[in-house]
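J.: Taken in sequence, the protein lines are chains H and S. FYI, my numbering numbers position 185 of the first sequence as 187, with every residue one higher than the one before it. FYI, my numbering numbers position 158 of the second sequence as 160, with every residue one higher than the one before it. We put the beta carbon where it would ideally sit given N, CA and C, even for glycine. In this text, all values refer to a predicted model and were calculated from it rather than measured experimentally.
Number of protein chains: 2
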Amino acid sequence: MRIAIDAMGGDHAPQAIVEGTLQAARAHADVTLVLVGDEEAIKRCMGSERPSNVEIVHTTEVIAADDEPVRSVRRKKDASMVVAARMVKEGQADGFVSAGNTGALMAAGLLVVGRIPSIERPALASIWPTFGGNAMLVLDVGANMDADPVHLFQYGLMANAFSKEVLGLPKPRIGLLNVGAEPGKGDKLRKEAFELLQNGPFHFVGNIEAREAMHDKCDVLVADGFTGNNMLKLIEGFGLGLFDKLKDVFLAGPLTKLAALILKPGLRQFKKTFDYSEYGGAPLLGIDGAVIKAHGSSNARAFEMAIEQARRFIAGRVLEQINQDVQKQ
Amino acid sequence: MRIAIDAMGGDHAPQAIVEGTLQAARAHADVTLVLVGDEEAIKRCMGSERPSNVEIVHTTEVIAADDEPVRSVRRKKDASMVVAARMVKEGQADGFVSAGNTGALMAAGLLVVGRIPSIERPALASIWPTFGGNAMLVLDVGANMDADPVHLFQYGLMANAFSKEVLGLPKPRIGLLNVGAEPGKGDKLRKEAFELLQNGPFHFVGNIEAREAMHDKCDVLVADGFTGNNMLKLIEGFGLGLFDKLKDVFLAGPLTKLAALILKPGLRQFKKTFDYSEYGGAPLLGIDGAVIKAHGSSNARAFEMAIEQARRFIAGRVLEQINQDVQKQ
Numbered sequence: 003m004r005i006a007i008d009a010m011g012g013d014h015a016p017q018a019i020v021e022g023t024l025q026a027a028r029a030h031a032d033v034t035l036v037l038v039g040d041e042e043a044i045k046r047c048m049g050s051e052r053p054s055n056v057e058i059v060h061t062t063e064v065i066a067a068d069d070e071p072v073r074s075v076r077r078k079k080d081a082s083m084v085v086a087a088r089m090v091k092e093g094q095a096d097g098f099v100s101a102g103n104t105g106a107l108m109a110a111g112l113l114v115v116g117r118i119p120s121i122e123r124p125a126l127a128s129i130w131p132t133f134g135g136n137a138m139l140v141l142d143v144g145a146n147m148d149a150d151p152v153h154l155f156q157y158g159l160m161a162n163a164f165s166k167e168v169l170g171l172p173k174p175r176i177g178l179l180n181v182g183a184e185p186g187k188g189d190k191l192r193k194e195a196f197e198l199l200q201n202g203p204f205h206f207v208g209n210i211e212a213r214e215a216m217h218d219k220c221d222v223l224v225a226d227g228f229t230g231n232n233m234l235k236l237i238e239g240f241g242l243g244l245f246d247k248l249k250d251v252f253l254a255g256p257l258t259k260l261a262a263l264i265l266k267p268g269l270r271q272f273k274k275t276f277d278y279s280e281y282g283g284a285p286l287l288g289i290d291g292a293v294i295k296a297h298g299s300s301n302a303r304a305f306e307m308a309i310e311q312a313r314r315f316i317a318g319r320v321l322e323q324i325n326q327d328v329q330k331q
Numbered sequence: 003m004r005i006a007i008d009a010m011g012g013d014h015a016p017q018a019i020v021e022g023t024l025q026a027a028r029a030h031a032d033v034t035l036v037l038v039g040d041e042e043a044i045k046r047c048m049g050s051e052r053p054s055n056v057e058i059v060h061t062t063e064v065i066a067a068d069d070e071p072v073r074s075v076r077r078k079k080d081a082s083m084v085v086a087a088r089m090v091k092e093g094q095a096d097g098f099v100s101a102g103n104t105g106a107l108m109a110a111g112l113l114v115v116g117r118i119p120s121i122e123r124p125a126l127a128s129i130w131p132t133f134g135g136n137a138m139l140v141l142d143v144g145a146n147m148d149a150d151p152v153h154l155f156q157y158g159l160m161a162n163a164f165s166k167e168v169l170g171l172p173k174p175r176i177g178l179l180n181v182g183a184e185p186g187k188g189d190k191l192r193k194e195a196f197e198l199l200q201n202g203p204f205h206f207v208g209n210i211e212a213r214e215a216m217h218d219k220c221d222v223l224v225a226d227g228f229t230g231n232n233m234l235k236l237i238e239g240f241g242l243g244l245f246d247k248l249k250d251v252f253l254a255g256p257l258t259k260l261a262a263l264i265l266k267p268g269l270r271q272f273k274k275t276f277d278y279s280e281y282g283g284a285p286l287l288g289i290d291g292a293v294i295k296a297h298g299s300s301n302a303r304a305f306e307m308a309i310e311q312a313r314r315f316i317a318g319r320v321l322e323q324i325n326q327d328v329q330k331q
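(1) Using a Cβ cut-off of 8 Å, which residues of the stretch 100-112 of chain H contact any Cβ in chain S, in chain order?
(2) Quick check on K78 (chain H): buried or exposed, where buried means 16 or more other Cβ atoms within 10 Å of its Cβ?
(3) Taking the alpha carbon of F133 (chain H) as the reference point, which residue from H:A212, H:N180, H:E21 has its own alpha carbon closest?
(4) Does any C-beta atom of chain S lie closer than 8 Å to the C-beta of L171 (chain H)?
(5) To the nearest whole angstrom, what separates the beta carbons of G97 (chain H) and A292 (chain H), a pair I think is in contact under 8 Å?
(6) Could you tell me whether any Cβ in chain H is nearer than 8 Å to the Cβ of K190 (chain S)?
(7) Just to confirm my understanding: we take A215 (chain S), look at its own chain, exclude 5 residues before and 5 after, and list those with CB closer than 6 Å. What are they?
(8) Going along chain S, which residues have a C-beta under 7 Å from E232 (chain H)?
(9) Determine the contact status of A86 (chain S) and A284 (chain S), defining contact as a CB-CB distance below 8 Å.
(10) How long is the line joining the alpha carbons of D221 (chain H) and I210 (chain H), rounded to whole angstroms?
(11) Name the chain S residues that come within less than 7 Å of G268 (chain H), Cβ to Cβ?
(12) Using a C-beta to C-beta distance shorter than 8 Å, which residues of chain H count as neighbours of H217 (chain S)?
(13) For chain S, find out if any of its Cβ atoms is closer than 8 Å to the Cβ of K274 (chain H); answer yes or no.
(14) Please list the residues of the stretch 133-167 of chain H that have a C-beta atom closer than 8 Å to any C-beta atom in chain S, keeping them in chain order.
(15) Between which two residues does the beta strand (DSSP E) containing L357 (chain H) stretch?
(16) Since N232 (chain S) is in the alpha helix (DSSP H), which residue starts that stretch and which ends it?
(17) Are the CB atoms of A312 (chain S) and V99 (chain S) within a distance shorter than 8 Å?
(18) Does the structure place the stretch 222-242 of chain S close enough to the stretch 198-209 of chain H that three or more beta carbon pairs sit under 8 Å?
(19) Which residue wins for smallest C-alpha separation from V140 (chain S), given the options S:G182, S:S82, S:D189, S:F164?
(20) With a cut-off of 8 Å, does the C-beta of A27 (chain H) fall near any C-beta of chain B?
(21) Would you say I264 (chain S) lies against chain H (beta-carbon separation less than 8 Å)?
(22) Report, in whole angstroms, the separation of the C-beta atoms of P124 (chain H) and I289 (chain H), which I expect to be a contact under 8 Å.
(23) Considering only the alpha carbon of each residue, which of H:E167, H:A95, H:N146 lies closest to H317 (chain H)?
(24) Using only CA atoms, which one of H:L269, H:D246, H:Q331, H:L253 lies nearest to L248 (chain S)?
(25) In whole angstroms, what separates the C-alpha of P203 (chain S) from that of S299 (chain H)?
(26) Would you list, in chain order, the members of the stretch 52-83 of chain H that have their beta-carbon closer than 8 Å to a beta-carbon of chain S?
(27) Under 7 Å Cβ-Cβ, which residues of chain S neighbour A261 (chain H)?
(28) Less than 7 Å between C-beta atoms, sequence neighbours within five positions excluded: which residues of the same chain meet that for I129 (chain S)?
(29) May I have the straight-line CA-CA distance separating N231 (chain H) from Q25 (chain S), to the nearest angstrom?
(30) Where does L321 (chain H) land, buried or exposed, given buried means 16+ other C-beta within 10 angstroms?
(31) On the three-pair Cβ rule with 8 Å, is the stretch 169-184 of chain S touching the stretch 246-260 of chain S?
(32) Going along chain S in order, which residues have a C-beta closer than 8 Å to the C-beta of K330 (chain H)?
(33) Less than 8 Å between CB atoms is the rule here; does K295 (chain S) satisfy it with respect to chain H?
(34) Measure the C-alpha to C-alpha separation of S227 (chain H) and N103 (chain H) and round it to an integer number of angstroms.
(35) Which class does G283 (chain S) belong to by DSSP, given the choice of helix, strand or coil?
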């Protein structure tokens, strides 16, 4: 098994990326990890010892966080992310992992690697912590803006295979994000998707309201890309705003500062529950290869977890399962 | 001016409703408030003195919080909410206010009072606190599930008139909820709505991302009913979950309890910023009368604020403004 690693993407690249890759390489001697990026910079981060299952492919370009996705993927032919994607396309790697520009990752997946023929639209997933303690896979969070019912159905199908093989859930509960729990709720898109999902080769648990979704009501939450993307950004904005306001309360005076000090361990534990790095990454599903997006702020540990997702994705033959499940329809 | 009041709707009805109505009646001698509901129950809540501008219309039925909206509005002809709506339809009141079942309120507005002829779909608005300190009017949050571009345009137009006359904003900033700030972002619906909104008779500030929306980037956020409803429920679920988790941190031991005690005033102030009752209610726009939904958990003060919104809605001739603005197109 070979996994291409975009060494230049993410807030802490290449240092955290290279470190995470070395850790993953040591943990799995049977996996070859190919670091794609500026060779000198990678070597500087690597130190003296290089595990024999780590290779380097030198590239000269980088896609920046604020680059326009489609244009940069088309023009920067020697960008680390584009070269990593091309390796998958050409069979030199089974998948690729990147902590870089999310839009560019979607473009590289779709334009360079290409779709699974039986899947109509790719979907970007996101792993959300819930208050129930378990994480939930939400998709699509922005790969496909105009979703048809069959797209939503296929999201559920793909997420089912991923959740089983990569997240280790024997029977993932697939839910449809909707404005009410009863069948028949929602807009035209949801009503038609509900009918399809109900007859899918997976454990469909029906409509799930956003309020309930945060409390461990399903393992997979199926949404169209527009709604999913907005919800993701709303939670980010709301969460950050709340923590900012709490900080003001804590820093109001000497006594409140003392109180904050007492609460610090508990609050840290609480914040950790909502820490993306514990989950590593999330897949771009529907692409003909294992494509994992690591969080932009990934540290070495988070990136190692993202590589582990790619490894399980390939070892668990997720693509084959998706194809088989589509054939069943 | 006459406003019909559904005395039986809401968690604290009829007591809080009657008290809020009495307060509003005392504040505005020129407004007649008609309490619609069980006469005896209303009189019990009222005490000995009744202002001369408060009337009672006796009804025998009530729509419960868990009643199926459309069916209950159609069948319970003598329900307090339905009778209040009928008074508007028949010209005996200029508007009605209810803290009852939201779905039933939308049904009563649409089926009993009826639409403004020039408006294609009604929209339920919701007033959201933001971290910038100002509130934001979000619509639609669930009146219309399948929105066309022209619906979104009309939401912006209606919210503009409401924000000017009722919320007192001279030049409301109208934003379109979207997945990116640049023009051209989003799904087909958003792209087409953007073009319409850009040429509307109001101050359109372009696409607004959900993350930004919470930080005072616009006064009105235009969304389709499916997305708006999901976002509303997500924030409710996320906010409640966070506060629950914080409570666990505070109650962990004697020292943390002491710390929580120190922080209490600050936290209470913070929670107050996010307290719906400060905002009173939100309108169901597009109905041929002033229809205000008060929060279900309204206390007397919150309900008084909701009545005040209806008063300004009528005094500010919001319906006439909406009609004039539509004619301009």
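T.: On the basis of the supplied data:
(1) none
(2) In the first sequence, the residue the question calls residue 78 (chain H) occupies position 76. K78 (chain H) comes out buried.
(3) Locating residue 133 (chain H) in the first sequence gives position 131, where the first residue counts as 1. Residue H:A212 is the option with its Cα nearest to F133 (chain H).
(4) As a first step, residue 171 (chain H) must be located in the first sequence, where it is residue number 169. With 8 Å as the cut-off, L171 (chain H) does not count as an interface residue toward chain S.
(5) For this step, residue 97 (chain H) is matched to residue 95 along the first sequence. For this step, residue 292 (chain H) is matched to residue 290 along the first sequence. Right, the Cβ-Cβ distance comes to about 3 Å (below 8 Å), so this counts as a contact.
(6) For the purposes of this step, residue 190 (chain S) is identified with residue 188 of the second sequence, where counting begins at 1. Yes, K190 (chain S) lies at the interface with chain H (some Cβ there is under 8 Å from its Cβ).
(7) For the purposes of this step, residue 215 (chain S) is taken as the residue at position 213 of the second sequence. Contacts found: L223.
(8) Counting from one through the first sequence, the residue named residue 232 (chain H) turns up at place 230. Going by the sequence as given, residue 232 (chain H) is Asn instead of Glu. Neighbours of N232 (chain H) on chain S, chain order: L179, V181, A212, T229, M233.
(9) Position 84 of the second sequence holds residue 86 (chain S). Position 282 of the second sequence holds residue 284 (chain S). Taking 8 Å as the Cβ cut-off, A86 (chain S) and A284 (chain S) do not qualify as a contacting pair.
(10) Stepping through the first sequence from its first residue, residue 221 (chain H) is reached at position 219. Stepping through the first sequence from its first residue, residue 210 (chain H) is reached at position 208. Going by the C-alpha atoms only, they are around 11 Å apart.
(11) Counted from its first residue, the first sequence places residue 268 (chain H) at position 266. Chain S residues near G268 (chain H): V251, A254, T258.
(12) As a working mapping, residue 217 (chain S) is identified with position 215 in the second sequence. Result: G239, G243.
(13) Working through the first sequence from its first residue, we reach residue 274 (chain H) at position 272. No, K274 (chain H) does not count as interfacial toward chain S.
(14) F133, G144, M147, D148
(15) Outside the displayed span of chain H (3 to 331) sits residue 357 (chain H), for which this structure offers no information.
(16) Taking the second sequence and counting its residues from 1, one reaches residue 232 (chain S) at position 230. N232 (chain S) -> alpha helix (DSSP H) spans 227-252.
(17) If you number the second sequence from 1, residue 99 (chain S) lands on position 97. If you number the second sequence from 1, residue 312 (chain S) lands on position 310. Cβ atoms of V99 (chain S) and A312 (chain S): closer than 8 Å.
(18) no
(19) In the second sequence, residue 140 (chain S) corresponds to position 138, counting from 1. The residue with the shortest Cα to Cα distance from V140 (chain S) is S:F164.
(20) This model lacks chain B altogether, as its protein chains are H and S.
(21) Working through the second sequence from its first residue, we reach residue 264 (chain S) at position 262. By this cut-off, I264 (chain S) is an interface position.
(22) As a working note, residue 124 (chain H) is residue 122 in the first sequence. As a working note, residue 289 (chain H) is residue 287 in the first sequence. At roughly 6 Å, the Cβ-Cβ gap stays under 8 Å, so P124 (chain H) and I289 (chain H) are in contact.
(23) As a first step, residue 317 (chain H) is located in the first sequence; it is residue number 315 there, counting from the start. Per the sequence shown, residue 317 (chain H) should be read as Ala rather than His. For A317 (chain H), the nearest C-alpha among the options comes from H:E167.
(24) Along the second sequence, read from residue 1 onward, the residue named residue 248 (chain S) stands at position 246. Looking at the Cα atoms, H:L269 is the closest of the given residues.
(25) Residue numbering aside, residue 203 (chain S) sits at position 201 when the second sequence is read from its first letter. Residue numbering aside, residue 299 (chain H) sits at position 297 when the first sequence is read from its first letter. The alpha-carbon atoms of P203 (chain S) and S299 (chain H) are separated by roughly 43 Å.
(26) none
(27) What you label residue 261 (chain H) is simply residue 259 of the first sequence in a count that begins at 1. Per Cβ cutoff of 7 Å: A261, I264, L265.
(28) The count along the second sequence starts at 1 and reaches residue 129 (chain S) at position 127. Once the five neighbours on either side are set aside, the close Cβ partners of I129 (chain S) are A137, L139, Y281, A284.
(29) Indexing the first sequence from 1 puts residue 231 (chain H) at position 229. Indexing the second sequence from 1 puts residue 25 (chain S) at position 23. About 44 Å.
(30) The residue given as residue 321 (chain H) occupies position 319 in the first sequence. Per the 10 Å Cβ criterion, buried.
(31) no
(32) Residue 330 (chain H) sits at position 328 when you count from the first residue of the first sequence. Ordered by position in chain S, no residue passes the 8 Å Cβ test against K330 (chain H), which lies about 30 Å from the chain.
(33) Here the question's residue 295 (chain S) lines up with position 293 in the second sequence. So, not an interface residue.
(34) As a first step, residue 227 (chain H) is located in the first sequence; it is residue number 225 there, counting from the start. As a first step, residue 103 (chain H) is located in the first sequence; it is residue number 101 there, counting from the start. Here residue 227 (chain H) turns out to be Gly, not Ser, going by the sequence shown. Approximately 17 Å between the Cα atoms of the pair.
(35) Residue mapping note: residue 283 (chain S) aligns to position 281 of the second sequence, counting from 1. Residue state, collapsed to three classes: strand.
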